[in-house]
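Trainee: I'd like to ask some things about the structure below.
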DNA sequence: CATGAATGAGTTTTCATTCAT
DNA sequence: TATGAATGAAAACTCATTCAT
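Structure (structure tokens):
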């Protein structure tokens, strides 16, 4: 008489299923609009399971933020510091990062767009997650901008600024990518590179930079 | 039997007050978390007034989006195309835009961060508002990158990419500004300019740009 | 600057306008669904006027009930007791009553259908109004069923029963009339008369009436 | 933290309880005046349950209409077409119908009085329900007015008119019954029968029926 | 472990009614 | 007199969360 019960799975697996589903749903409709029931449904389980495993909607969202921040950080770190030396240059690093953002819309949307806009209960957690991402991208910038000899040519502060620009640009440009299916993350980075290398110095001639 | 009534003000004034309050509250807690009552309170009136004048929470939010999009567009347009000639160069234009974002946190937060993350009911309106902003910044980029002779050196597509980068960067960097009270929008643009002009070509030597 | 004000009309006229509008609106959507604003609009005046003249929505509805009950009673009375003798027979009286119901949908709907279904605040008023109508129809039945010599052939109690049947039937059949535009109140009464006179005794042969 | 919960009952049972309570409450105060909370209270459960099971106040009302229409139809049908032949005569059928109306005030009030007066959202459903009832009573009239040999003596149209009269009369007379506790549905039908059989032909002599 | 049943708390929305001009 | 501006009170509906089985 009881409705069919889900197969018993080890806790770890179940949790991953839930967070996967939650990221998917949250990214589509946002934290408030997503109901726990909807998420449970998307994970193929019943509502109380979410509470048993994750405790509350808030904790579930937090778990999503953590996991997705981990994924960004891991991805970038793995590319920039592969187990063995040859560190990537700046543009190669950016390419990896852009590709992640473009290929993982749900992750990025939850992490960068939704998490940010939630107020109090998450402020702290979100800041921490963001800082981890920023730190990682900053590290990538630092690594990518050393002179052949190893000297740094951008200060820590400037490196962070560049990291933030990269993050904001990735976010903003990933929308552009969606609207331009004829382009790819790679072709986009190429464009940006060209603009930075060639364009900047040239189109700037008529506009005196601050002395 | 009715409680003491507010001072009577003409509709136009009250509507502006409401939208002001709504932008403030929405920017702080987001669309869903903000209750109409809270907004009414912040505007110094009672809830039903919001419904009498604006119709619904949804329409109120839409009104905020429209007005704030207008403000960004107006600000940028006024700076770039002053009634009289001397158009601004790229960096001067960016400076105006950055300043707006930094000086109007609430507007920008609602427009760029919150509006985006709201799903269906707003998708269309938001897209329209965003496109207006993008178009304006793109125009600024185009205007700011002409050669002295007037020839364009960036294609339309690239101009829009630069505009999107500027927008994403402004958004991202305005957070950075908050965390660095010793800096200002102007000093920040100076840094970015320096990085773009001087840095790019130099720190790139070790990393071959795509051929 | 002030919106155009309605022409000043004597109180009596204004009140009639309001009640006319109210009957119209109430009959269409019912007491609760009708908003005072809607009624004021239908009467071509502003909301506060309704309160100044009638005091409250409740009193406005009560006024409608009274007036419409008066109209039914007057109509029937005028037909049955014309200033001078020749009283009408039963069927002629019914014909008058049916015609009123059919020709005054709004009045009847408010009086018989809506007023009835409103609970407490109106119970008493409604009962009184209904009783006046019932009394009048009963009087008509009594008048219409005297023998040529003047003796009564239906008891008071039976006369009231017949009156109630007539009222319920008029209500029920006026719906039927709406669905059968090829018929008229008169043709309907003819049918009913035929059924009563000819049919009843005949088709009843196979079904023994209670001994 | 949640208050004490009601005994757990299967959905089917709860739904019936809700509709029972709703019919009771709606019949007493009408659709608009009845609050969902009040109905939930009358059913011994909390408001959200009504929404979980029935979806909306509108759907709840519709469910009431359907169920009560079913009950009238079933009652009449069962009496008129018992599993085995001897169909009832007209008066016996009416007696069954009158008894239902008198014994099920709430059902009848909701079905005939309240449902009618509700405008748009219900118009269609109500019409359908009413038509089912009318059709059943009409069938009863047809069955009850056949000659011993089986020939029909009333046309379809006239049968429906008689059905409508019966319905309107039942509605109207059931009020009368309430005011006359010394009478019963049966005694009332007896009176009506007498009036129809004996009275009609007699008291009519002085009033010429239409030629 | 898993889930159907149940609810407290809160939100948007509407409307009769009043007041200031 | 007449009306635009304003609000208290209440109703429909939703949802995170819990408990009994």
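Protein chains in written order, with full-length UniProt numbering: chain A, 1 to 211; chain B, 1 to 211; chain C, 1 to 211; chain D, 1 to 211. Virtual Cβ for every residue (Gly too), placed ideally from N, Cα, C.
(1) Which chain A residues are close to residue 162 (chain B), counting only those with a beta carbon under 7 Å from its beta carbon?
(2) Are the C-beta atoms of residue 169 (chain D) and some chain C residue less than 8 Å apart?
(3) Taking 8 Å as the CB-CB limit, is residue 297 (chain B) close to chain A?
(4) Along chain B, in chain order, which residues have C-beta atoms closer than 7 Å to that of residue 117 (chain A)?
(5) Check the Cβ of residue 106 (chain B) against every Cβ in chain A and list those closer than 7 Å, keeping chain order.
(6) Measuring only between beta-carbons, confirm whether residue 178 (chain D) sits less than 8 Å from chain C.
(7) Can you confirm whether the segment 114 to 127 of chain C touches the segment 60 to 76 of chain C when touching is taken to mean that 3 or more C-beta pairs between the two stretches lie within less than 8 Å?
(8) Please list the segments of the alpha helix (DSSP H) lying wholly inside the segment 45 to 71 of chain D, counting only runs of 4 or more residues, in order along the chain.
(9) Quick check on DSSP: helix, strand or coil for residue 146 (chain A)?
(10) Leaving out five residues on either side along the sequence, give the residues of the same chain with a beta carbon under 6 Å from the beta carbon of residue 21 (chain A).
(11) With a Cβ-Cβ cutoff of 8 Å, do residue 171 (chain B) and residue 96 (chain B) count as a contact?
(12) Within the 8 Å Cβ cut-off, does residue 33 (chain C) reach chain D?
(13) Within a Cβ cutoff of 7 Å, which residues of the same chain sit near residue 31 (chain D), ignoring the five residues on either side of it in sequence?
(14) What's the C-alpha gap between residue 11 (chain C) and residue 72 (chain B)?
(15) Quick check on the DSSP output: the alpha helix (DSSP H) that includes residue 113 (chain B) runs from which residue to which?
(16) Please report the distance separating the alpha-carbon of residue 191 (chain D) from that of residue 35 (chain D).
(17) Beta-carbon within less than 7 Å of residue 116 (chain A)'s beta-carbon, same chain only, minus the 5 sequence neighbours each way: which residues are those?
(18) Roughly how many angstroms lie between the CA atoms of residue 164 (chain B) and residue 70 (chain A), to the nearest whole one?
(19) For residue 8 (chain A), decide whether its Cβ has a neighbour in chain B, counting only Cβ atoms nearer than 8 Å.
(20) Which ranges would you report for the beta strand (DSSP E) in the segment 139 to 196 of chain A if only whole runs of at least 3 residues count?
(21) In whole angstroms, what is the alpha-carbon distance linking residue 77 (chain A) and residue 45 (chain B)?
(22) Taking Cβ positions only, does residue 173 (chain B) come closer than 8 Å to chain A?
(23) Name the chain B residues that come within less than 7 Å of residue 158 (chain A), Cβ to Cβ?
(24) Please confirm whether residue 65 (chain C) has its beta-carbon closer than 8 Å to some beta-carbon of chain D.
(25) Within its chain, find whatever has a CB closer than 6 Å to the CB of residue 288 (chain C); leave out the 5 residues flanking it on each side and keep chain order.
(26) Report whether the distance from the Cβ of residue 152 (chain D) to the nearest heavy atom of the ligand PLP is below 7 Å.
(27) Would you mind stating whether residue 91 (chain B) and residue 189 (chain B) have Cβ atoms separated by less than 8 Å?
(28) Buried or exposed for residue 141 (chain A), please, with buried defined as at least 16 other CB atoms from any protein chain shown within 10 angstroms of its CB.
(29) Quick check on the burial criterion: 16 or more other C-beta atoms within 10 angstroms. Buried or exposed for residue 150 (chain C)?
(30) Are the C-beta of residue 165 (chain B) and some C-beta of chain A separated by less than 8 Å?
(31) Quick one: what does DSSP say residue 20 (chain B) is sitting in, helix, strand or coil?
(32) Work out the CA separation of residue 17 (chain C) and residue 183 (chain D) for me, nearest whole Å.
(33) Given a threshold of 16 other Cβ atoms within 10 Å of its Cβ, counted over all protein chains shown, does residue 94 (chain C) qualify as buried or as exposed?
(34) What is the C-beta distance between residue 19 (chain C) and residue 67 (chain C), in whole angstroms, given that I count them as a contact (C-beta under 8 Å)?
(35) Buried or exposed: which applies to residue 158 (chain C), given that a residue is buried once 16 or more other Cβ atoms fall within 10 Å of its Cβ?
Mentor: Reading off the structure:
(1) Position 162 of the second chain, counted from the start, is the residue given in the question as residue 162 (chain B). Near residue 162 (chain B) (Cβ distances below 7 Å), the residues of chain A are 195.
(2) For this step, residue 169 (chain D) is matched to residue 169 along the fourth chain. Taking Cβ atoms only, chain C reaches closer than 8 Å to residue 169 (chain D), which makes this a yes.
(3) Residue 297 (chain B) cannot be examined here, being either before or after the span of chain B that is shown, 1 to 211.
(4) Within the first chain, residue 117 (chain A) is the residue found at index 117, counting from 1. What residue 117 (chain A) touches in chain B: 30, 113, 114 and 117.
(5) As a first step, residue 106 (chain B) must be located in the second chain, where it is residue number 106. Result: empty, since nearest Cβ-Cβ is about 13 Å, beyond 7 Å.
(6) Sequence index remark: in the fourth chain, residue 178 (chain D) carries index 178 (1-based). Answer no: the Cβ-Cβ gap between residue 178 (chain D) and chain C never drops below 8 Å.
(7) yes
(8) 47 to 54
(9) Here residue 146 (chain A) refers to the residue found at position 146 of the first chain. If DSSP states are grouped into helix, strand and coil, residue 146 (chain A) belongs with the strands.
(10) Residue numbering aside, residue 21 (chain A) sits at position 21 when the first chain is read from its first letter. Same-chain partners within the cutoff: 39, 42 and 43.
(11) Here the question's residue 171 (chain B) lines up with position 171 in the second chain. Here the question's residue 96 (chain B) lines up with position 96 in the second chain. For residue 171 (chain B) and residue 96 (chain B), no; Cβs fall outside 8 Å.
(12) Along the third chain, one-based indexing puts residue 33 (chain C) at 33. Taking Cβ atoms only, chain D reaches closer than 8 Å to residue 33 (chain C), which makes this a yes.
(13) On the fourth chain, residue 31 (chain D) is found 31 positions in, with the first residue counted as 1. If we look at residue 31 (chain D) and ignore the five residues flanking it on each side, its Cβ neighbours are 61, 114 and 118.
(14) Along the third chain, one-based indexing puts residue 11 (chain C) at 11. Along the second chain, one-based indexing puts residue 72 (chain B) at 72. Spanning the two alpha carbons is a distance of roughly 55 Å.
(15) As a first step, residue 113 (chain B) must be located in the second chain, where it is residue number 113. Careful: residue 113 (chain B) lies outside any alpha helix (DSSP H) and carries neither H nor E.
(16) Sequence index remark: in the fourth chain, residue 191 (chain D) carries index 191 (1-based). Sequence index remark: in the fourth chain, residue 35 (chain D) carries index 35 (1-based). Computed Cα separation, rounded: 40 Å.
(17) Taking the first chain and counting its residues from 1, one reaches residue 116 (chain A) at position 116. Closer than 7 Å at the Cβ level, and outside the excluded window around residue 116 (chain A), lie 126.
(18) For the purposes of this step, residue 164 (chain B) is taken as the residue at position 164 of the second chain. For the purposes of this step, residue 70 (chain A) is taken as the residue at position 70 of the first chain. The alpha-carbon atoms of residue 164 (chain B) and residue 70 (chain A) are separated by roughly 27 Å.
(19) In the first chain, residue 8 (chain A) corresponds to position 8, counting from 1. No, residue 8 (chain A) does not count as interfacial toward chain B.
(20) none
(21) Position 77 of the first chain, counted from the start, is the residue given in the question as residue 77 (chain A). Position 45 of the second chain, counted from the start, is the residue given in the question as residue 45 (chain B). Rounded to whole angstroms, residue 77 (chain A) to residue 45 (chain B) spans 52 Å at the Cα level.
(22) Translated into the one-based positions of the second chain, residue 173 (chain B) becomes position 173. It does; some Cβ of chain A falls within 8 Å.
(23) By 1-based counting over the first chain, the position of residue 158 (chain A) is 158. Correct list: 191 and 195.
(24) Counting from one through the third chain, the residue named residue 65 (chain C) turns up at place 65. No, residue 65 (chain C) lies away from the interface with chain D (no Cβ there is under 8 Å from its Cβ).
(25) Any question about residue 288 (chain C) goes unanswered here, given that chain C covers just 1 to 211.
(26) Absence of the ligand PLP is noted for the structure shown, with no ligands found whatsoever.
(27) Stepping through the second chain from its first residue, residue 91 (chain B) is reached at position 91. Stepping through the second chain from its first residue, residue 189 (chain B) is reached at position 189. Yes; because the gap between Cβ atoms is below 8 Å, this pair is in contact.
(28) Taking the first chain and counting its residues from 1, the one referred to as residue 141 (chain A) is at position 141. Burial call: buried.
(29) Walking along the third chain from the start, residue 150 (chain C) turns up at place 150. Result: exposed.
(30) The residue labelled residue 165 (chain B) in the question sits at position 165 within the second chain. Chain A contact via Cβ: present.
(31) Residue mapping note: residue 20 (chain B) aligns to position 20 of the second chain, counting from 1. Residue 20 (chain B) falls in the helix class under three-state DSSP.
(32) The residue labelled residue 183 (chain D) in the question sits at position 183 within the fourth chain. The residue labelled residue 17 (chain C) in the question sits at position 17 within the third chain. Computed Cα separation, rounded: 44 Å.
(33) Here residue 94 (chain C) is taken as the residue at index 94 of the third chain, counted from 1. Buried, by the Cβ-count rule.
(34) By 1-based counting over the third chain, the position of residue 19 (chain C) is 19. By 1-based counting over the third chain, the position of residue 67 (chain C) is 67. Right, the Cβ-Cβ distance comes to about 6 Å (below 8 Å), so this counts as a contact.
(35) As a working note, residue 158 (chain C) is residue 158 in the third chain. Its Cβ being crowded by 16 or more others within 10 Å, residue 158 (chain C) is buried.
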